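In the numbering used here, the protein residues as written are 472 to 777.
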DNA sequence: ACTCAATGAGGAGAGGCATT
DNA sequence: AATGCCTCTCCTCATTGAGT
């Protein structure tokens with residue numbers, strides 16, 4: 472390969488193909504006709520001595536080599552763009568913009584309020600739209616298509632075209648009716664297994680129920696889920712004034728101790744902590760407003776760390 | 001039947017190179 | 001510096017073949 476003769480336009484075509492996985496749409500994306508993109512792909516194949524993209528149904532599936540090249544080529548283009556286009560002035564105090572994200576119930580309850588406070592203080596003209604994140608795969612697809620700017624939540628799957636940034640870790644606690652709780656004691660394993668549970672189980676759930684059931688099964692125990700609720704916010708109110716207990720993310724539980732007659736107690740078993748992540752694409756590299764916003768989410772996450 | 005990638009034909013424009 | 005030739009890439013239009 473003659474590196475001195477590599478046409479940077481080919482790398483742009485490669486990037487478009489990688490993102491669209493469709494020759495016609497990749498061509499439209501960078502303003503070429505379909506035959507021109509097809510020809511660019513032919514030259515890319517010759518350049519890298521690999522098929523790079525194979526027909527797969529309605530689209531094109533990248534080969535291992537294409538996947539391996541995606542990162543370095545994306546980084547190279549980012550650096551070239553950054554060198555050619557000096558940083559656009561971005562002033563959050565005056566910028567007008569609408570940012571659309573998707574967040575899990577947890578993200579909505581814990582991260583978004585902190586983020587909203589930060590936005591109101593530093594970027595009062597940036598509007599934020601938060602969509603529910605129930606189907607993570609569909610949300611990732613929307614993120615890749617540019618219909619969403621970022622995702623916030625836990626237990627989100629990976630995508631080779633997205634960037635994951637850890638905001639903080641979350642642990643689990645138990646809640647029970649305040650009058651029944653003995654705050655000085657950890658909930659006993661016996662109580663945990665015998666008391667009826669209230670459970671939050673959204674569509675495409677977070678995996679917690681099965682984790683807890685597996686931990687109990689390892690000890691030869693089984694719990695009874697007496698109430699299953701569709702929204703996490705309903706759990707504390709279902710627990711208050713009843714014999715129910717529930718296992719919730721700690722920051723969620725603590726938000727409700729002033730609103731419902733509940734007490735937070737330590738669980739009798741060690742339930743693995745989980746990460747709350749911010750997921751975005753490389754678009755932010757070319758978008759100062761989005762880059763600022765992602766930094767704002769990160770700062771919101773920092774304020775939530777214990 | 002339909003979609004989509006690949007290819008060919010023919011023409012336009014840009015750039016490299018040798019010649020004048 | 002100007003010119004002509006050549007190559008390359010782009011375009012549109014039309015077509016083909018594979019896959020669904």
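C-beta atoms are modelled at their ideal positions from N, C-alpha and C, and glycine is treated no differently.
These figures come from a predicted structure and were not determined experimentally.
**OP:** Pick helix, strand or coil for residue 525, following the three-state DSSP scheme.
**Re:** The residue given as residue 525 occupies position 54 in the first chain. Note: residue 525 maps to strand in three-state DSSP.
Subject >> 4-residue-minimum alpha helix (DSSP H) runs that sit fully inside the region 587 to 660, ordered along the chain >> reply: 607 to 616
Original post:
Can you list, in chain order, the residues of its chain whose CB lies under 8 Å from that of residue 507, leaving out five sequence neighbours each side?
Top reply: Counting from one through the first chain, the residue named residue 507 turns up at place 36. Cβ within range, chain order: 498.
**OP:** Check whether the Cβ atoms of residue 768 and residue 718 sit closer than 9 Å, and answer yes or no.
**Re:** Counted from its first residue, the first chain places residue 768 at position 297. Counted from its first residue, the first chain places residue 718 at position 247. Taking 9 Å as the Cβ cut-off, residue 768 and residue 718 do not qualify as a contacting pair.
Original post:
Alpha carbon to alpha carbon, what distance is there between residue 624 and residue 646?
Top reply: To locate residue 646, count along the first chain from 1; it is residue 175. To locate residue 624, count along the first chain from 1; it is residue 153. Using only the alpha carbons, I get a separation of about 22 Å.
**OP:** Verify whether the separation of the beta carbon atoms of residue 739 and residue 681 is less than 9 Å.
**Re:** Position 268 of the first chain, counted from the first residue, corresponds to residue 739. Position 210 of the first chain, counted from the first residue, corresponds to residue 681. Their beta carbons are not under 9 Å apart, which means residue 739 does not touch residue 681 by this criterion.
Original post:
Does DSSP put residue 737 in a helix, a strand or coil?
Top reply: The count along the first chain starts at 1 and reaches residue 737 at position 266. Residue state, collapsed to three classes: coil.
Original post:
Where does the unbroken alpha helix (DSSP H) through residue 720 begin, and where does it stop?
Top reply: Position 249 of the first chain, counted from the start, is the residue given in the question as residue 720. Looking at the DSSP string, residue 720 is not in any alpha helix (DSSP H); the run it does join, the beta strand (DSSP E), is 716 to 720.
Original post:
In terms of alpha-carbon separation, which member of 587, 626 and 616 lies closest to residue 606?
Top reply: Taking the first chain and counting its residues from 1, the one referred to as residue 606 is at position 135. Per the Cα distances, 626.
Original post:
Rounded to a whole number of angstroms, what is the C-alpha to C-alpha distance between residue 771 and residue 764?
Top reply: Taking the first residue of the first chain as 1, we reach residue 771 at position 300. Taking the first residue of the first chain as 1, we reach residue 764 at position 293. Rounded to whole angstroms, residue 771 to residue 764 spans 10 Å at the Cα level.
**OP:** Report the three-state DSSP secondary structure of residue 727 (helix, strand or coil).
**Re:** Working through the first chain from its first residue, we reach residue 727 at position 256. The answer is coil: DSSP assigns residue 727 none of H, G, I, E or B.
**OP:** Could you say which of 494, 650, 761 and 702 lies nearest to residue 426 if we only look at CA atoms?
**Re:** The question about residue 426 has no answer, for the chain in this structure spans 472 to 777.
Original post:
Distance, Cα to Cα, residue 482 vs residue 514?
Top reply: Residue numbering aside, residue 482 sits at position 11 when the first chain is read from its first letter. Residue numbering aside, residue 514 sits at position 43 when the first chain is read from its first letter. Taking the straight line joining both Cα atoms gives about 11 Å.
Original post:
In this structure, does DSSP put residue 533 in helix, strand or coil?
Top reply: Walking along the first chain from the start, residue 533 turns up at place 62. Three-state result, residue 533: strand.
Subject >> Through-space distance from residue 735 to residue 700, alpha-carbon basis >> reply: Along the first chain, read from residue 1 onward, the residue named residue 700 stands at position 229. Along the first chain, read from residue 1 onward, the residue named residue 735 stands at position 264. Residue 700 and residue 735: Cα-Cα distance of roughly 19 Å.
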